[in-house]
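From first to last, the protein sequence lines are chains A and B. Under the UniProt record's numbering, the first residue of the first sequence is numbered 1, with each subsequent residue one higher. Under the UniProt record's numbering, the first residue of the second sequence is numbered 1, with each subsequent residue one higher. All C-beta atoms in this analysis are idealised placements derived from N, C-alpha and C, irrespective of residue type, glycine included.
There are 2 protein chains.
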Amino acid sequence: MAKRVTGPEIEKLIQLLAKVPGLGPRSARRAALHLIKKKDQLLGPLSNAMGEAYDKVKICSRCGNVDTVDPCTVCTDTQRDQSVIIVVEDVSDLWALERAAAMNAAYHVLGGTLSPLDGIGPDDLNIRGLIDRIGEGGIRELIIAVNATVEGQTTAHYITDQLQGLDVKITRLAHGVPVGGELDYLDEGTLAAALRARTVI
Amino acid sequence: MAKRVTGPEIEKLIQLLAKVPGLGPRSARRAALHLIKKKDQLLGPLSNAMGEAYDKVKICSRCGNVDTVDPCTVCTDTQRDQSVIIVVEDVSDLWALERAAAMNAAYHVLGGTLSPLDGIGPDDLNIRGLIDRIGEGGIRELIIAVNATVEGQTTAHYITDQLQGLDVKITRLAHGVPVGGELDYLDEGTLAAALRARTVI
């Protein structure tokens, strides 16, 4: 702003809100004003919730999930089939797959993908932890659910290579037409994969 | 989520973030994960900034601006021409006009517009405060900078009526073509106003 029109504490709040993904400088101002107007319903509770999360958040030492306990809720869930591990790039993928509620398995968060250009090698990802978990035994299937990007697929191949000889079934997500998707808008690679993997009705 | 996959403190944080304007349920999850990953650079500072804002924020009893002092930074700024008051609907409008940095005047925030359908009458807006400020003397111009909506214009007329007989010049923002705007995309009302208010080059 050209000139100060409000307190430094409020400007600081706006600056920090602008760093939240999904908010920019303009929407951060709108958000800050909304928070201030809803001081007791939103600003106070949100400040407390952030403080609580700051104090309590932990990264699960077993699977890499974000939780307030370690090992995390997923790893200690006896209702889950802990002999199946879904390998994902990021915690957000774990949460997305859980929302689909299609599997009742354990997870392993890699924390990214191999990317030599960005200097991200195997040691920067949680691959060692995955091999250790499989080494402990009791794992019958590993579902590699990385993104269908070049980096994701490279990472999937690397993991598969590393696990050669271990007695575990390795699978990957199916390629195909997204549910609700229109063929006309899909790329050729997806359409070709969907045709190859066609199923009998 | 179908099943709990993270701690209740983190779910609470996501729920509250989803109420921030500009964020929805999905972007709130993404924001929460980003905050947690940037725990010390962002989550902690933002929690503190919100706590500070919660403790210190005040509504200026004179003009209605949001600040941490009362009267606010704008009202006590001796570099401003305090004899000109720009009347706005909301604090966000005050901030927007200040970013334009075109005037160096005082402000008055109404806190909304007259809207009989929503049950908002003159007593729900900070109009009494405006009349009192003018009554104190020393005000030579009132620039009514409400939105160019039906409610905004109704409010502008109401205020003008209330101030009949007081020795103060009342002006409003010019209508016209937005800077950078394309004529083809503008509505007829704006084009007609821009033609009527044409100026000599």
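Range covered by the alpha helix (DSSP H) that runs through H157/B: As a first step, residue 157/B must be located in the second sequence, where it is residue number 157. Counting along the chain, the alpha helix (DSSP H) containing H157/B begins and ends at 150-162.
What's the gap between the Cα of D124/A and the Cα of D67/A? Residue 124/A sits at position 124 when you count from the first residue of the first sequence. Residue 67/A sits at position 67 when you count from the first residue of the first sequence. So the alpha carbons of these two residues sit roughly 21 Å apart.
Ignoring anything shorter than 3 residues, give me the beta strand (DSSP E) runs that lie fully in the UniProt domain "Toprim" (83-178) of chain B, in order along the chain. Residue ranges of uninterrupted beta strand (DSSP E) with 3 or more members, entirely inside the UniProt domain "Toprim" (83-178) of chain B and ordered along the chain, are 105-109, 141-144, 169-172.
With respect to the alpha helix (DSSP H) encompassing S47/A, which residues constitute its N-terminal and C-terminal limits? Along the first sequence, read from residue 1 onward, the residue named residue 47/A stands at position 47. 44-56 is the span of the alpha helix (DSSP H), which, as asked, contains S47/A.
Where does Y185/A land, buried or exposed, given buried means 16+ other C-beta within 10 angstroms? In the first sequence, the residue the question calls residue 185/A occupies position 185. Burial state of Y185/A is exposed, judged by a 10 Å Cβ sphere holding fewer than 16 other Cβ atoms.
Would R4/B be called buried (16 or more neighbouring beta carbons within 10 Å of its own) or exposed? As a working note, residue 4/B is residue 4 in the second sequence. By the neighbour-count rule (16 or more Cβ atoms within 10 Å), R4/B is not buried but exposed.
When the Cα of Q41/B is compared with those of S83/A, L23/A, V57/A, K19/A, which residue comes out closest? By 1-based counting over the second sequence, the position of residue 41/B is 41. Nearest C-alpha to Q41/B: K19/A.
Please check if any C-beta of chain A sits within less than 8 Å of the C-beta of R62/B. By 1-based counting over the second sequence, the position of residue 62/B is 62. R62/B does not count as touching chain A.
Grab me the residues of V84/B's own chain with a C-beta within less than 6 Å of its C-beta, minus the 5 sequence neighbours each way, in chain order. Here the question's residue 84/B lines up with position 84 in the second sequence. Correct list, in chain order: A105, E141.
Along chain A, which residues have their Cβ under 8 Å away from the Cβ of G129/B? Taking the first residue of the second sequence as position 1, residue 129/B is located at position 129. Neighbours of G129/B on chain A: none; closest Cβ ~18 Å, over 8 Å.
Whose Cβ in chain B lies nearer than 9 Å to the Cβ of N65/A? As a working mapping, residue 65/A is identified with position 65 in the first sequence. Result: V5, T6.
I'd like to know whether the C-beta atoms of A32/B and L13/B end up nearer to each other than 8 Å. The residue labelled residue 32/B in the question sits at position 32 within the second sequence. The residue labelled residue 13/B in the question sits at position 13 within the second sequence. Taking 8 Å as the Cβ cut-off, A32/B and L13/B qualify as a contacting pair.
Kindly list, in the order they appear in chain B, the residues whose Cβ is closer than 9 Å to that of V69/A. Mapped onto the first sequence, residue 69/A falls at position 69. Residues of chain B passing the Cβ test: G7.
Pull out every residue of the segment 46-57 of chain A whose Cβ sits closer than 9 Å to any Cβ of chain B, in chain order. Closer than 9 Å at the C-beta level to chain B, one finds these residues of the segment 46-57 of chain A: L46, S47, N48, A49, M50, G51, E52, A53, Y54, D55, K56, V57.
Chain-order list of residues whose beta-carbon lies under 6 Å from that of R62/A (same chain, five-residue window excluded): The residue you call residue 62/A lines up with position 62 of the first sequence. Result list for R62/A: P71, C75, in chain order.
Collapsed DSSP secondary structure at D184/A in the structure displayed: As a working note, residue 184/A is residue 184 in the first sequence. D184/A: helix per DSSP, three-state reduction.
T199/A burial status per 10 Å Cβ neighbour count (16 or more: buried): The residue given as residue 199/A occupies position 199 in the first sequence. If you draw a 10 Å sphere on the C-beta of T199/A, you find fewer than 16 other C-beta atoms in it, and that means exposed.
By the criterion of Cβ-Cβ separation under 9 Å, what are the contact partners of K169/A in chain B? Here residue 169/A is taken as the residue at index 169 of the first sequence, counted from 1. Those within 9 Å of K169/A in chain B number zero; the least Cβ separation is about 24 Å.
Indicate the three-state DSSP secondary structure (helix, strand or coil) for I14/B in the structure shown. Reading the second sequence from its first residue, position 14 is the one you call residue 14/B. Here I14/B sits in helix by DSSP.
Inter-residue CB distance, L34/B and P25/A (contact presumed, cutoff 8 Å): Translated into positions along the second sequence, residue 34/B becomes position 34. Translated into positions along the first sequence, residue 25/A becomes position 25. It should be pointed out that residue 34/B corresponds to His in this sequence rather than to Leu. For H34/B against P25/A, the beta-carbon gap comes to about 17 Å, at or over 8 Å, which does not count as contact.
Report buried or exposed for E136/B, applying the criterion of at least 16 other Cβ atoms within 10 angstroms of its Cβ. Counting from one through the second sequence, the residue named residue 136/B turns up at place 136. Answer is exposed; the Cβ neighbour count stays below 16.
Does any C-beta atom of chain B lie closer than 8 Å to the C-beta of H34/A? Against the first sequence, residue 34/A aligns to sequence position 34. Residue contact check for H34/A against chain B: a CB pair falls below 8 Å.
Hey, out of R80/A, N65/A, L191/A, R99/A, whose CA is closest to A174/A's CA? The sequence position of residue 174/A within the first sequence is 174, counting from 1. Checked all of R80/A, N65/A, L191/A, R99/A; the closest Cα to A174/A is L191/A.
For D40/A, the three-state DSSP class (helix, strand or coil): Here residue 40/A corresponds to residue number 40 of the first sequence, with the count starting at 1. Here D40/A carries a helix assignment [DSSP, helix/strand/coil].
Please confirm whether P21/B has its beta-carbon closer than 8 Å to some beta-carbon of chain A. Counting from one through the second sequence, the residue named residue 21/B turns up at place 21. Answer yes: the Cβ-Cβ gap between P21/B and chain A drops below 8 Å somewhere.
Residues within the UniProt domain "Toprim" (83-178) of chain B neighbouring chain A, beta-carbon criterion of under 7 Å: For chain A, the residues of the UniProt domain "Toprim" (83-178) of chain B that bring a beta carbon within less than 7 Å of one of its beta carbons are V91, S92, L94, W95, E98, R99, A101, in chain order.
Backbone CA spacing between Q164/B and I131/B [nearest angstrom]: Along the second sequence, one-based indexing puts residue 164/B at 164. Along the second sequence, one-based indexing puts residue 131/B at 131. Distance between the alpha carbons of Q164/B and I131/B is about 11 Å.
Contact criterion: CB-CB distance below 8 Å. Does K39/B meet it with respect to chain A? Mapped onto the second sequence, residue 39/B falls at position 39. Chain A, which has a Cβ nearer than 8 Å to the Cβ of K39/B, makes this yes.
Only counting the same chain, and skipping five residues up and downstream in sequence, which positions put a Cβ closer than 8 Å to that of L23/B? Reading the second sequence from its first residue, position 23 is the one you call residue 23/B. Closer than 8 Å at Cβ, skipping near neighbours: L17, A31.
Any C-beta of chain B sitting closer than 8 Å to the C-beta of A31/A? Your numbering for residue 31/A matches position 31 in the first sequence. Among the residues facing chain B, A31/A is included, as its CB has a counterpart in that chain under 8 Å away.
With a threshold of 16 other CB atoms inside 10 Å of the CB of G181/B, please say whether the residue is buried or exposed. Start at 1 with the first residue of the second sequence, and residue 181/B comes out as number 181. Exposed.
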